[in-house]
Each structure stands twice: as C-alpha cells, then as structure tokens.
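Student: Let me give you the structure first, and then I'll get to my questions.
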Amino acid sequence: RAITSLEIGMQAPERSAIADAGKGGRILLVDDRQSSYERLATILAAEHTVDVESNPTEALFHAAEGNYDLLIVSLDLHNFDGLRLCSQARSLERTRHVPILAIAEAENATRLLRGLEIGVNDYLLRPIDKTELLARARTQIRRRRYTDHLRDNVQNSIEMAITDALTGLHNRRYMESHLATLAEQASTRGKPLALMILDIDYFKSINDNYGHDAGDDVLREFAVRVRKSIRGIDLACRYGGEEFVIVMPETDLHVAGMVAERLRRSIAGEPFAVHKGTKRIEVTISIGLTTLEQKGEAVADVLKRADTALYRAKHDGRNRVVS
Ligand code: GH3
Ligand code: MG
Ligand code: MG
Ligand code: MG
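Here it is in structure tokens:
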C-alpha cells in the first residue's frame, strides 16, 4: 500500500481517518479498453461512485457537468490522445481544479512526462495494483476536498471583510475603496454617477420605544427593500449605524431622483414588521442626493454634498429627498 508523507508517523486511528476523508468520491474513468475499465471500475466501486466513459469528447463534457472529485484518464486510448483530454480539462474553468490520475503503459514514459507537465497530478503504470489504485485515488480526492475547503474559507473571509454582518449589504470600507474606482470610470467614460445618503428618521426613538432588537429588524428589512429597488450594478452599503449609501453608475440626477423617491415611498408606505411579525412600525427615511459634478472630482466632495443635502432633508421635516 502506498504511504504518503502525510501519513508517516501517525497512529492507526488517525491513518484510517485520513483514508476515510478520501473515500466516497465521484470518479470519472476515461478508458476505452473494456477489459481494463471493467476491472478498474470494479476495484474503485468498492469505495467510490464511478462513471466510465470511453469517448473522450463525451468525457470532457461529463467532466465539466458532472461535479467529479477525480478524473482517471488512460493515456493509451485507442482513438484519441488522452493527453489532449488532460490538457483540455486543465484549461476549462469547470474542470481546472479536478485532480487527474493518469494511467499508462510503462513504455509510454514520454507521454507520462508530458502529462505531468500539463498538470496531471499523479500516475499509475499498468499492470495496475488494486491497493495502490485505491490509495492513489483516495489521496487525490482527499487533497481536492481539502483545497476546496481552503478556497471556500478564503472566499468567506473576503466576503466577511467587505460585508456588513447585520444587513448583508457592503460595508463602509468596501464602499470607500470602490467609490473612487467608480468615479474614475464615470469620469473617463464621460458618464454620470449618482450618489445618495439615506438616513432613517428618528431611529433612536425606534430603539427607545421597541428595543434594540426591533431596531435591528428594521435595519435588516430596510436593506431588503433597498436591494429590491436598485440594479445589479448599483452599489449599496451600510455607511454607519442607520445610515446607508447607494452609488449608481451611469445614472443622472433626474433618474436617481426617481429611484430615491420610489425608495422613500416604499419605506413610508409599508410598516416594518418587528418582534417576529407581532408588531408593525411606521418608518420613514430622509435622502440626500447628488451627482459627480465634474471630471476628476474628489469623492470626498461628492459625499460631503450628499451629506449637506441630507442635512437639509432632515431640517425641512424629514421623510423627503433633497438634491
Ligand atoms: P434623525 O432623524 O435625526 O436621523 O434621528 P435619529 O434618531 O435617527 O439619529 P441619531 O443619529 O440620533 O440616532 C441613531 C441611532 O441609531 C443611535 C444608535 O443607538 C442607533 N444604532 C446605530 N447602530 C445600530 C444598530 O446596529 N442597531 C440598532 N438597533 N440601533 C443602532
Ligand atoms: Mg442622526
Ligand atoms: Mg437617523
Ligand atoms: Mg444617522
């Protein structure tokens, strides 16, 4: 049985836990010699789900669609160059991360070397030993699961770093880092850019009258309504406690004014459910709206102008849009 470096020095129970972590995978076996694939599939089926494909074009299609943990590819296919399949699998987005275990005749050493160069992860020479095949398959599948897990973790930390935990909107840091880019793009393309600051009216008294949890419910529901009223390319973020910013690329003051007004009405027109729906609260918001005024204008100035407009909206009686 092949022992990988990871397993050396481990106690038996740990070793079996590691082996188990590579079991129960989904394998696509690409081989066109019946005597060969029948034997290999039978061996592998003891620990995994195995699909066999002898047509390489079909194999590539299945590999891309089938969510496999491992591709086992015979490099001595009759009608096709198995290497080409390996290289195609490496260049396709959907199969790029699926490990490949190559199988070849000992006299095909050049082809094997080439395979390793193009990204084949491991190989076995015929005649294939049952125990070794199972061990190599487990190692690849385990590693695949581990790297998938790492990739997910990295993805999650990136998400967490740019997302506001309460509302799921972007956070202030993300907005600030992107606003400059969006403003620059608008300037160079000669397109308008609208920005609004939204602030919930008398939010403190919602907290005071109904409790902090009710306040949180309002913030979450507010974010849902914001998301519904903007486009995919718009950027919505929680700027502070009960203050939000929406950036709208390629949008002039007139259109942004309509979006803001529609949003204001959608908030004031439908009371917010709090305390698991047992209570409904009337909520209003004030909005300060502005646009990028000239090419290369500093985003800090744009934000400041929106903030001044918001201040006026509050001063003029709240529940309104001022630009
Ligand atoms: P105005 O109409 O002038 O905006 O009045 P306001 O009460 O909304 O403004 P103020 O800035 O005085 O109060 C904001 C309140 O928001 C104070 C703070 O305790 C509350 N707050 C900030 N973050 C959160 C949060 O995450 N959850 C809850 N429940 N409250 C929050
Ligand atoms: Mg305030
Ligand atoms: Mg407020
Ligand atoms: Mg505020």
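Per UniProt numbering, the sequence shown starts with residue 132, numbered consecutively.
We put the CB at the ideal spot given by N, CA and C, even for glycine.
Any heavy atom of ligand 4 within a distance shorter than 7 angstroms of the CB on D339?
Tutor: One-based indexing of the sequence shown puts residue 339 at position 208. No, Cβ of D339 sits at least 7 angstroms from all heavy atoms of ligand 4.
Student: Please write down, chain order preserved, every residue whose beta carbon lies under 7 angstroms from a heavy atom of ligand 4.
Tutor: Output, sorted by chain position: D330, F334, G371, G372, E373, E374.
Student: Let me know if L137 comes out buried or exposed under the rule of 16 or more other beta-carbons within 10 Å of its beta-carbon.
Tutor: Taking the first residue of the sequence shown as 1, we reach residue 137 at position 6. Confidence at L137 is low in this model, with a pLDDT of 47, below 50, so the placement of that residue is unreliable and no value is reported for it.
Student: What does a CB cutoff of less than 7 angstroms around N252 pick up in its chain, not counting 5 residues either side in sequence?
Tutor: Here residue 252 refers to the residue found at position 121 when the sequence shown is read from its first residue. Excluding positions up to five away in sequence, the list reads P230, I231, L232, Q271.
Student: So, using beta-carbon positions, are D339 and S417 closer together than 8 angstroms?
Tutor: The residue you call residue 339 lines up with position 208 of the sequence shown. The residue you call residue 417 lines up with position 286 of the sequence shown. Against a cut-off of 8 angstroms, the Cβ pair of S417 and D339 comes out as no contact.
Student: Would T188 and I158 be called neighbours here (beta carbons separated by less than 8 angstroms)?
Tutor: Position 57 of the sequence shown, counting from 1, holds the residue named residue 188. Position 27 of the sequence shown, counting from 1, holds the residue named residue 158. Contact: no.
Student: Quick one: residues in its chain with C-beta nearer than 8 angstroms to the C-beta of D347, no 5 flanking neighbours on either side, listed in chain order?
Tutor: In the sequence shown, counting from the first residue as 1, residue 347 sits at position 216. Same-chain partners within the cutoff: L297.
Student: For the beta strand (DSSP E) containing R267, name the first residue and the last one.
Tutor: Locating residue 267 in the sequence shown gives position 136, counting from the first residue. Here R267 belongs to no beta strand (DSSP E); instead the alpha helix (DSSP H) covers 261–293.
Student: Can you tell me which of N198, K359, D365, C217 puts its alpha carbon nearest to the alpha carbon of L206?
Tutor: As a working note, residue 206 is residue 75 in the sequence shown. Closest by alpha carbon: C217.
Student: Can you find the residues in the same chain that come closer than 6 angstroms, C-beta to C-beta, to H228, ignoring five residues on each side of it along the sequence?
Tutor: The residue you call residue 228 lines up with position 97 of the sequence shown. The answer is none, since no qualifying residue turns up.
Student: Just verifying my parser: in three-state terms, what is the DSSP assignment at V405?
Tutor: Taking the first residue of the sequence shown as position 1, residue 405 is located at position 274. Strand at V405.
Student: Excluding the 5 residues flanking I234 on each side, which residues of the same chain have their C-beta closer than 6 angstroms to its C-beta?
Tutor: The sequence position of residue 234 within the sequence shown is 103, counting from 1. Excluding residues within five positions, the ones whose Cβ falls inside 6 angstroms are S205, L255.
Student: Which of the three DSSP states is assigned to E184 in this structure?
Tutor: Residue numbering aside, residue 184 sits at position 53 when the sequence shown is read from its first letter. Residue state, collapsed to three classes: strand.
Student: For K445, which of helix, strand or coil comes out of DSSP?
Tutor: As a position in the sequence shown, residue 445 is number 314, starting the count at 1. The answer is helix: DSSP assigns K445 an H, G or I state.
Student: If you compare alpha carbons, which of P402, G153, I203 is closest to E413?
Tutor: Mapped onto the sequence shown, residue 413 falls at position 282. For the residues P402, G153, I203, the minimum Cα distance to E413 belongs to P402.
Student: Check whether the region 443–453 and the region 364–379 touch, using three or more Cβ-Cβ pairs below 8 angstroms as the test.
Tutor: The region 443–453 vs the region 364–379: no contact.
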